[in-house]
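Chains A and B are the protein sequences, given in the same order.
Here the first sequence is numbered in numbering that gives the first Met the number 0, starting from 0 and rising by one per residue.
Here the second sequence is numbered in numbering that gives the first Met the number 0, starting from 0 and rising by one per residue.
We treat Cβ as the ideally placed atom computed from N, Cα and C, and that holds for glycine.
There are 2 protein chains.
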Amino acid sequence: MRFMNRLVGILFAVIATNGVGFAQQQDSIFLRKIYDEALSRGKAYEDLRSLCKDVGARLSGSSQAEMAVEWGKARLEAYGFDTVYLQEIKVPHWERGTKESAWIKSNKELIPVKILALGGSVSTQGTRKAELVVFKNLDALRAANKSQVAGKIVFINQPMDEKMINTFKAYGACYAIRGEGAIEAAKLGAVGVVIRSLGLPSDDHPHTGSMHYDEKVAKIPAAAISTEDANRIQKMVDQKLPIEFIFEMDCRNYPDATSYNVIAEITGSEKPNEIITFGGHLDSWDAGEGAHDDGAGIVHCMEALRILKVLNYKPKHTLRVVFFMNEENGNRGGMSYATWTKARGETQIAALESDRGGFVPRGFACDGSDQQVRFLQSLEKHFKPYELHVFEKGYGGVDIGPLKSEFPSIPLFGFVPDSQRYFDFHHAESDVFEAVNKRELELGCAAISSMIYLLDLYF
Amino acid sequence: MRFMNRLVGILFAVIATNGVGFAQQQDSIFLRKIYDEALSRGKAYEDLRSLCKDVGARLSGSSQAEMAVEWGKARLEAYGFDTVYLQEIKVPHWERGTKESAWIKSNKELIPVKILALGGSVSTQGTRKAELVVFKNLDALRAANKSQVAGKIVFINQPMDEKMINTFKAYGACYAIRGEGAIEAAKLGAVGVVIRSLGLPSDDHPHTGSMHYDEKVAKIPAAAISTEDANRIQKMVDQKLPIEFIFEMDCRNYPDATSYNVIAEITGSEKPNEIITFGGHLDSWDAGEGAHDDGAGIVHCMEALRILKVLNYKPKHTLRVVFFMNEENGNRGGMSYATWTKARGETQIAALESDRGGFVPRGFACDGSDQQVRFLQSLEKHFKPYELHVFEKGYGGVDIGPLKSEFPSIPLFGFVPDSQRYFDFHHAESDVFEAVNKRELELGCAAISSMIYLLDLYF
């Protein structure tokens, strides 16, 4: 009897092992098909070209953003997914306007400076002109006296730390000068704020991005200048030269506009009400073409679903691609989506976002429990042939973030491409289609498609 | 007594473990200093700009190659290494000449085609014109009859396989059409050979490279056309259109020229006669600026040694950077170096090459024994903070390859950057300074500098 038990046990182990081996072999074959489709018959690169060139930059509330919604819906419909529809939302509507000029004046020399208003900034109401006072970071500004700052224009010249290997960490460390600079400067009576662009290279164009006001503090105009101009001004400051800053911007806020998240699905064959959401954001800043940020994420996810469809994969759960609107200046798309799906009685079992550019894939991060992170790590073996090696606890994404409030146990996965070149292009005129490499983009599509397949099967 | 033995054993283990921990901590601190120097005060990017813009393309035997030798010696001297000197060698001298034109003619339509003679090709001796016969690869050509080929121009249209994740493997699979195409075509009586460029993207410029003749077979002119032109011709062939190919090239071989490997050293403090050689190749093809191939390798290694010097590192062994001449069409630099160092009675304990472009580092490969590969793998932990993850058996490099004949037990290490974009630029007009990203280049310098430090300490 004991012998028989052991024999049964051994037989069971053999069958189970072969079962695991067989499943893993099937997965390996399927992932290879996904990569072949992405690399040989991929649509992502031409889709991105179309989004960048036919639509272009697409800030929330703009005509271009409206066109991007139509573009997205039409592309998704053309790929023949089970359902394609729009989720209506309200978005902030800020426009840069037509006037944007600046100069520095020192020793009677007048030097033009390229500026970009920060997103959400008030206008200068004509020309604004004042002495420039420089701070090395937000803490230095906070530590200043009113007498040093009142009536002046504050310049915060904090460079991103090029020594940090992960460039997103360097960005995170500087983020507050853009987000909070206007509030802190206005508290001390400044009449304007200028920041060094959050960009890593020494370049000659500003990088814009979102900023905030505090309703209890005066709203002062805020702009970014290029890292090269920032270095030039710093040199003048180091030489104790008096500097006047002169700028004009007629940007302004409009009433909230109607816009949409764009959604496509392959319906789940076993559990249609259990959703795996994956996407990027359709809006972009108004400089460049929003190619890496986040045109890449849009076509990554559209292509990931297209590949599963052409390979005739029948998912157990509903696979839903969402092109989120308004990540850049409000996250209304992400917030609305979370409450909307909850209200519909859907179950969100996992979500994934691509919003770190179209660079060569390194892996995936998981914002989830230890067990969920271990699950992610268990998938690493599938990606070994494709040179992915980052499978760790980390950040998911801005758009999918609000799902955590509605579905506290949901794991959020962030696609992790290589980060080295991202801040060459981020929120700047350099973020154009030509900055994206075809193979790197396609490998991202294949990695995400593979991950969605594995999540559907095993999570 | 037995107790005392155990106590001594435990004490010894504690001391040894702390020793290992202390050494590892010191290494960790030192590697961080290397990376800081490369990323904050690096010289590699401006050195590469100078090599690409002040010297430019530099094929063996050309004036530009001579200038590159002077450039290299001057830069190395400026960095103040212990010794800087030249090793005289003889190199092949082939020149493209001034005429390089081609057309395809079909149904009376004449379409101009961009060509690049393959390096080493004979001239067309005026205009060469013949019917074009297409083969999908070298095996198909070898299987053909003389009657199909005699008097015609052979076109070999084998695309690199974009499905291969490591692009060097896709390159290796096509290499023979360039290297052997002229021999195989001439055996069957062809009067010329044209190949599809060994490049991954669909682009409009040819990629050149080396080719061979067989002294027993007629030498016929050989050229590359762009992947776009190759696709266009294939379409015409598929439509059964008759195609005539017309081309003129006045490239030719000259007598061997005198040239040099450029060498710099920090002398070993304990074992000066034991050498760690690391380098790239100074020559390049004559299209583009030789930025990724192999300007990047040159500045990688120069910068790696510069960093160790400014950090005041005193190596045990002699650290020797070699700028090899003539990797592209003869490897005379590599071969001469191996016999020369052997004849001087030096011991080469390890060698490293960077010749895969200036892209973001992935790791290192080791052409060596299992034990040597395990040694390489033992270093992986040091590179974890810097996102390197490839530590495996693999290829070293063309220039350091001949050292194996003279020093059979030497391990050869190849620096492994990401391979995805390499064949966008390889041997083509697109391989210019602007195609190299500053941070990616600098991270390569730091990785190589760190590896040389660890080899000196632990190998």
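Residue pairing for W339 of chain A: DSSP places it in no beta bridge.
At the C-beta level, G198 of chain B and T166 of chain B stay beyond 7 Å of one another. Cβ-Cβ distances below 6 Å link A349 of chain B to I275, P410, L454 and F458 in the same chain, with the five nearest sequence neighbours on each side left out; the list follows chain order. Counting only runs that start and end inside the segment 330-404 of chain B, the beta strand (DSSP E) elements of at least 3 residues fall at 346-352, 360-366 and 389-392. The way I'd put it, the segment 336-346 of chain A doesn't touch the segment 287-307 of chain A; fewer than three beta-carbon pairs between them come closer than 8 Å. Only residues of its own chain outside the window of five on either side were considered, and among them I103, K104, S105, K128, A129, E130 and L131 have a CB closer than 8 Å to the CB of E243 of chain B, listed in chain order.
The residue among A:V236, A:K162 and A:I152 with its C-alpha nearest the C-alpha of L187 of chain A is A:I152. Listed along the chain, the chain A residues whose CB falls inside 9 Å of the CB of L375 of chain B amount to none; the nearest CB is some 16 Å away. Under the DSSP assignment, A116 of chain B falls in the beta strand (DSSP E) whose first and last residues are I114 to A116. When secondary structure is reduced to three states using DSSP, W284 of chain B falls in the coil class, being assigned neither helix nor strand. Inclusion of I33 of chain B and A445 of chain B in the CB contact set at 7 Å is warranted, their separation being smaller than that value.
The C-beta of V359 of chain A comes closer than 7 Å to at least one C-beta of chain B. For V148 of chain B, the enclosing alpha helix (DSSP H) covers residues K145 to V148. Think of a sphere of 7 Å around the beta carbon of K437 of chain B: the chain A residues whose beta carbon falls inside it are P200, in chain order. Closer than 7 Å to the CB of S49 of chain B there is not a single CB belonging to chain A. Looking from the CA of Q347 of chain B, the closest CA among B:A222, B:H211 and B:G267 belongs to B:G267. Within the segment 115-176 of chain B, complete beta strand (DSSP E) segments of at least 3 residues are found at 127-134 and 152-155, given in chain order.
With respect to S39 of chain B, K162 of chain A sits close: the two C-beta atoms are nearer than 7 Å. In this structure, A223 of chain A places its C-beta atom within 7 Å of the C-beta atom of P205 of chain A.
For E161 of chain B, the chain A residues whose C-beta falls within less than 7 Å of its own C-beta are L38 and S39, listed in chain order. The Cβ of Y385 of chain A sits closer than 7 Å to at least one Cβ of chain B.
Straight across, the Cα-Cα distance linking M301 of chain B with A116 of chain B is about 32 Å.
With respect to chain B, the C-beta atom of D430 of chain A has no partner C-beta closer than 7 Å.
In the structure shown, the three-state DSSP call for M248 of chain B is strand. If one requires a minimum length of 3 residues, the beta strand (DSSP E) runs lying completely within the segment 172-218 of chain A are 191-195, in chain order. Contact check for G362 of chain A and V389 of chain A: beta-carbon distance about 3 Å, within the 8 Å limit, so the pair qualifies.
If the five residues before and after R251 of chain A are omitted, its C-beta is found closer than 8 Å to the C-beta atoms of W93, E94, G96, V121 and S122, all from its own chain and listed in chain order. A residue is called buried when at least 16 other Cβ atoms come within 10 angstroms of its Cβ; S404 of chain A does not meet this threshold and is exposed. The beta-carbon of R420 of chain A is placed less than 7 Å from the nearest beta-carbon of chain B. The segment 254-261 of chain B and the segment 305-314 of chain B do not touch, with fewer than three beta-carbon pairs separated by less than 8 Å.
F406 of chain B is positioned such that its CB atom lies no closer than 7 Å to that of A263 of chain B. By the criterion of a C-beta distance shorter than 8 Å, M159 of chain B is surrounded in its chain by T166, A169, Y170, A172, C173, L197, G198, L199 and F422, once the five residues flanking it on both sides are discounted. Within chain B, the residues placing a beta-carbon under 7 Å from that of H388 of chain A are H388, ordered along the chain.
The beta carbons of D417 of chain B and V359 of chain A sit closer together than 7 Å. In this structure, L304 of chain B sits away from G71 of chain B, with a CB-CB distance that is not shorter than 7 Å. Along the segment 24-90 of chain B, the alpha helix (DSSP H) occurs as fully enclosed runs of 4 or more residues at 43-49 and 62-77, listed in sequence order.
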